[in-house]
Amino acid sequence: MKEVIGQTQTDRRGLGSTTAKWWSKTEGKEKRDMIINEIRNKEDSTRVQKAVQQPQQGQWTNWDTAIQRPLTWNIWHMAPLRISFLIRSVYDLLPSNANLVRWGKKGDPTCPLCQGRQTTEHVLSSCKVALSQGRYTWRHNRVLQELASVISTAKEEIHPFSISSTVFTTKGGVKIWHGGSIPMDSYRKGLLDGCDDWVVSADLPEWEKHPGVAFSWPKCLGAGFETRCARVRIPGKQPRRVKKNWKQRGIWES
């Protein structure tokens, strides 16, 4: 029948992007493989038709931009409750109040904090009361606190520069520079070796005094104001804009 109908396109690939094998032009093992593939495709089509009729477990049939998360190599040492949570969270089957009402286990689907409809999405990222209480930023703050602690410790281990006067002879005369001089045999071992007056700050509730640029995004900031150098850790492409603003203010040196 397929040879009578001809080559058809059933997915999003362009016309002519696939090649077809015809039954009349194959023999031996190729014919057996064609029979196996035809049976497999028929069974897959039956499963998809059944999944479309399922409102919860069949949601994957409408996913176009979902990112695959393979668990094959990690599933053997994962706790059963964690595996259950991962699978149920994908299909929105966690025991939220909205699902408990759907299953007949509870009569009120509202959130106890904000009185909104408590779904899985609401619990993870949509509750205004949880946001105001800092529940969504708690994990990020704990990681940022560890980073700030490590950087602060490394800052204390930096050897200060030897302060002396350096004399330069130029065409315009003799110039004297009063600043830190570094021996010729020394070299930079890390980012913090650029200056010795680093001021480390982070966007954390317990850190009160830091530059206004630190309020824009969650980040950890290190700045040496006397030697005019700064290191800002910001996700994405935003450091360029911050660098430009700091150059205008005279506290950034590339």
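Sequential numbering of the sequence shown, starting at -1, is according to my numbering. No residue lacks a Cβ here, since even glycine has one placed at the ideal position from N, Cα and C. Just so you know, these numbers come straight off a predicted model, no measurement behind them.
{"Check": "Below 8 Å, can you find three or more Cβ-Cβ pairs linking the region 104 to 112 to the region 120 to 135?", "Outcome": "yes"}
{"Check": "Taking only the alpha-carbon atoms, compute the straight-line gap between Gln57 and Leu129 and give it to the nearest angstrom.", "Outcome": "28 Å"}
{"Check": "How would you call Ser199, buried or exposed, if buried means at least 16 neighbouring beta carbons within 10 angstroms?", "Outcome": "buried"}
{"Check": "Which value, in whole angstroms, describes the spacing of the CA atoms of Val88 and Lys27?", "Outcome": "40 Å"}
{"Check": "May I ask which residues mark the beginning and end of the alpha helix (DSSP H) holding Trp21?", "Outcome": "Neither: Trp21 is in no alpha helix (DSSP H) and is coded neither H nor E."}
{"Check": "For Ala49, count neighbouring C-beta atoms within 10 Å of its own C-beta (all shown protein chains included) and say buried if the count is 16 or more, exposed if not.", "Outcome": "exposed"}
{"Check": "At what residues does the beta strand (DSSP E) containing Val197 begin and finish?", "Outcome": "Trp196 to Ala200"}
{"Check": "Could you spell out the range, first to last residue, of the alpha helix (DSSP H) harbouring Glu28?", "Outcome": "Lys27 to Val50"}
{"Check": "Tell me, which residues are paired with Thr108 by DSSP?", "Outcome": "Arg115"}
{"Check": "Can you tell me which of the three DSSP states Asn60 falls into?", "Outcome": "helix"}
{"Check": "In or out: Asn95 buried (at least 16 other Cβ within 10 Å) or exposed?", "Outcome": "buried"}
{"Check": "Let me know the secondary structure DSSP gives Arg10 once reduced to three states.", "Outcome": "coil"}
{"Check": "Any idea if Asp42 is buried or exposed, counting beta-carbon neighbours within 10 angstroms, 16 or more meaning buried?", "Outcome": "exposed"}
{"Check": "Determine, using beta carbons only, whether Asn139 and Pro93 come nearer to each other than 9 Å.", "Outcome": "no"}
{"Check": "Are Ala152 and Trp205 touching if we call contact CB-CB under 9 Å?", "Outcome": "no"}
{"Check": "For Ile33 and Gln66, what's the separation of their Cα atoms in angstroms?", "Outcome": "30 Å"}
{"Check": "Around the C-beta of Asn97, are 16 or more other C-beta atoms found within 10 angstroms, so that it is buried, or is it exposed?", "Outcome": "buried"}
{"Check": "Would you call Asp31 buried or exposed, if buried means 16 or more other Cβ atoms sit within 10 Å of its Cβ?", "Outcome": "exposed"}
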